[in-house]
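Structure first, then comments.
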Amino acid sequence: MPRVPDTAPSAPSTPRSPLPPWGGVEVWPILHNVLEFAVALRLRLLWEQPDLIAVELPETLARPVLRAVERLPFLSMVHWTGQAGPAYVPIEPTDAKAEALRFGLEREIPVALVDRDTEEYPLLRQAVPDPFAVTIIG
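All you need for my numbering is the position in the sequence shown, starting with 1, plus 26.
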């Protein structure tokens, strides 16, 4: 299996976000738990070396999520019980959120969990492209 590089690639092969920068913020849309997105994001972080990394998880989960990220590559399941019942967030090395947090922790870059904390987060089912396409077309 190919190894994910620890150094930044040359600029032409560095993935770019499909969204325009906004006030110095670069936004990366991802598919959760898809390796190709985690690899593309890691390559971009190696190239960019950001001042802060923010991910779409609520701050109330910061302690268990960061503890789980520190355990990578071992899999973890962050769970809690809310008014709607039990809820779970898998933390695994194939997820771009976990990779972004791991990258920040390893390099002492501040990380922030910035998603809203809500009981009724909508579950949207949408058709998405083949994850492998991100390695071909970006």
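We treat Cβ as the ideally placed atom computed from N, Cα and C, and that holds for glycine.
query: Assuming ASP141 and PRO84 make a contact with CB atoms under 8 Å, what is their CB distance in whole Å?
result: 5 Å
query: Roughly how many angstroms lie between the CA atoms of MET103 and ARG97, to the nearest whole one?
result: 11 Å
message: Within 10 Å of its beta-carbon, does ARG128 have 16 or more other beta-carbons around it, so buried, or fewer, so exposed?
response: A residue is called buried once 16 or more other Cβ atoms fall within 10 Å of its Cβ, and ARG128 is buried on that count.
- prompt: Are ARG89 and GLU125 closer than 7 Å when you measure CB to CB?
  reply: no
- prompt: Can the beta-carbon of GLU82 be found closer than 7 Å to that of LEU101?
  reply: The beta carbons of GLU82 and LEU101 sit no closer together than 7 Å.
task: Give the secondary structure of VAL60 by DSSP, where H, G and I count as helix, E and B as strand, and everything else as coil.
output: coil
task: Output the distance between the C-alpha atoms of GLU64 and ASP143, rounded to the nearest integer angstrom.
output: Per the sequence shown, residue 64 should be read as Ala rather than Glu. So the two alpha carbons sit approximately 24 Å from each other.
query: So is GLY130 buried or exposed if we call it buried at 16+ other beta carbons inside 10 Å?
result: buried
task: Compute the beta-carbon to beta-carbon distance between HIS105 and ALA94, rounded to the nearest angstrom, for a pair I have assumed lies under 8 Å.
output: Not confirmed; about 11 Å, so no contact.
- request: Measure the C-alpha to C-alpha separation of VAL150 and LEU72 and round it to an integer number of angstroms.
  value: Note on residue identity: the sequence assigns Leu, not Val, to residue 150. One C-alpha to the other measures close to 31 Å.
message: Give me the residue from VAL51, ALA80, PHE158, GLU145 with the minimum Cα distance to THR107.
response: GLU145
message: For ALA66 and GLN109, what's the separation of their Cα atoms in angstroms?
response: 36 Å
message: On the DSSP letters alone, give me the boundaries of the alpha helix (DSSP H) that GLY130 sits inside.
response: 122-132
field: Residue span of the beta strand (DSSP E) that contains GLU96, given as start and end
entry: From DSSP, GLU96 is part of no beta strand (DSSP E) but of the alpha helix (DSSP H) over 88-97.
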